[in-house]
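Each remark here refers to the structure printed beneath this line.
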Amino acid sequence: DTGVSQDPRHKITKRGQNVTFRCDPISEHNRLYWYRQTLGQGPEFLTYFQNEAQLEKSRLLSDRFSAERPKGSFSTLEIQRTEQGDSAMYLCASSFRGLGRSPLHFGNGTRLTVT
Amino acid sequence: SQQGEEDPQALSIQEGENATMNCSYKTSINNLQWYRQNSGRGLVHLILIRSNEREKHSGRLRVTLDTSKKSSSLLITASRAADTASYFCATDPSGGGADGLTFGKGTHLIIQP
Chain A
1 DTGVSQDPRH KITKRGQNVT FRCDPISEHN RLYWYRQTLG QGPEFLTYFQ NEAQLEKSRL
61 LSDRFSAERP KGSFSTLEIQ RTEQGDSAMY LCASSFRGLG RSPLHFGNGT RLTVT
Chain B
1 SQQGEEDPQA LSIQEGENAT MNCSYKTSIN NLQWYRQNSG RGLVHLILIR SNEREKHSGR
61 LRVTLDTSKK SSSLLITASR AADTASYFCA TDPSGGGADG LTFGKGTHLI IQP
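Protein sequence lines correspond, in order, to chains A and B. Numbering follows the numbering used here, in which position 11 of the first sequence is assigned residue number 11; successive positions increment by one, without gaps. Numbering follows the numbering used here, in which position 69 of the second sequence is assigned residue number 69; successive positions increment by one, without gaps.
In structure tokens form, the structure reads like this:
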């Protein structure tokens, strides 16, 4: 199955460390999204790419968060100087942007725990 | 910010019964989508209803949309234990916005055998 894959599934880090997550979207999808989900809440939109262009990044939670999608394929989300409040599930999703919007296909997420 | 608000926050029913979840939203939309999330997993798309549609069916799922009231409902008929999950509505705003979908807080559904 060539669904959306995320790596790692779990990450435990100490406060102040940097972390990077990877997302591999469905190959024919041109849009890639990052969401954050905390316990008991729905996913919160962070940023998205169309091919390699990052078209929306104002929703990134702080300047410690950054995302890249070199060559329009996989994407990485980096959090610098992690804080305990960054503990959450980070979800990646992809879709195909054609004449209309298509549903999102999500990966199983990376669960981050900051100690 | 989360536009959709699901109601109830939690629902527990017996297997075989029908489950109804509601969603309210605030702004104009292109479409509204429902997703399911099993514990510790990603979200799975269930059904999409466009703003010019009033009702849509998919298997045991029935979705309604009332754009005048800015609300939607998801009905799962003949529930099964495997339907136990959290269900989220998500709105796709009109106006060609570049943002991703906006999700509500979800309804946690428990189907008791």
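Backbone N, C-alpha and C fix where the C-beta goes; we use that ideal spot for every residue, glycine too.
For residue i and residue j, what's the separation of their Cα atoms in angstroms?
i	j	result
Gly42/A	Gln14/B	25 Å
Ser58/A	Gly104/B	20 Å
Gly40/A	Ser87/A	13 Å
Leu91/A	Ala81/B	26 Å
Trp34/A	Thr13/A	20 Å
Asp7/A	Ser94/B	33 Å
Ser1/B	Thr102/B	Confidence at Ser1/B is low in this model, with a pLDDT of 47, below 50, so its placement is unreliable and no value can be given for it.
Asn108/A	Arg54/B	32 Å
Met89/A	Gln9/B	20 Å
Ala67/A	Gln17/A	17 Å
Val114/A	Ser75/A	22 Å
Gln50/A	Pro113/B	44 Å
Ala19/B	Gln80/A	43 Å
Asn52/B	Gly85/A	40 Å
Arg69/A	Glu17/B	45 Å
Gly72/A	Gln37/B	27 Å
Cys23/B	Thr64/B	10 Å
Tyr48/A	Asp92/B	14 Å
Ile88/B	Met21/B	The sequence as given places Phe at residue 88/B; Ile does not occur at that position. The alpha-carbon atoms of Phe88/B and Met21/B are separated by roughly 9 Å.
Gln54/A	Ser58/B	34 Å
Ser86/B	Gly40/B	11 Å
Leu104/A	Val44/B	8 Å
Assuming residue i contacts residue j under a Cβ cut-off of 8 Å, what Cβ separation, rounded to an integer in Å, is found between them?
i	j	result
Thr107/B	Glu6/B	4 Å
Phe106/A	Gly42/B	3 Å
Leu46/A	Arg36/A	6 Å
Tyr25/B	Lys70/B	5 Å
Ile111/B	Ser79/B	5 Å
Does the Cβ-Cβ distance between residue i and residue j come in under 9 Å?
i	j	result
Leu48/B	Arg62/B	no
Thr110/A	Arg9/A	yes
Thr84/B	Leu46/B	no
Ser72/B	Trp34/B	yes
Phe21/A	Leu61/A	no
Leu112/A	Val4/A	no
Arg64/A	Glu52/A	no
Pro25/A	Ser102/A	no
Glu28/A	Phe96/A	yes
Ala90/B	Leu11/B	no
Arg50/B	Thr77/B	no
Would you say the beta carbon of residue i comes nearer than 8 Å to a heavy atom of the ligand FMN?
i	result
Arg15/A	Among the ligands in the structure shown, none appear at all, so the ligand FMN cannot be discussed.
Would you mind listing the beta strand (DSSP E) stretches within the segment 53-106 of chain A that are 3+ residues and don't spill past its ends, in chain order?
53-56, 65-68, 75-79, 88-95
Continuous alpha helix (DSSP H) assignments of at least 4 residues falling wholly in the segment 23-110 of chain B:
none
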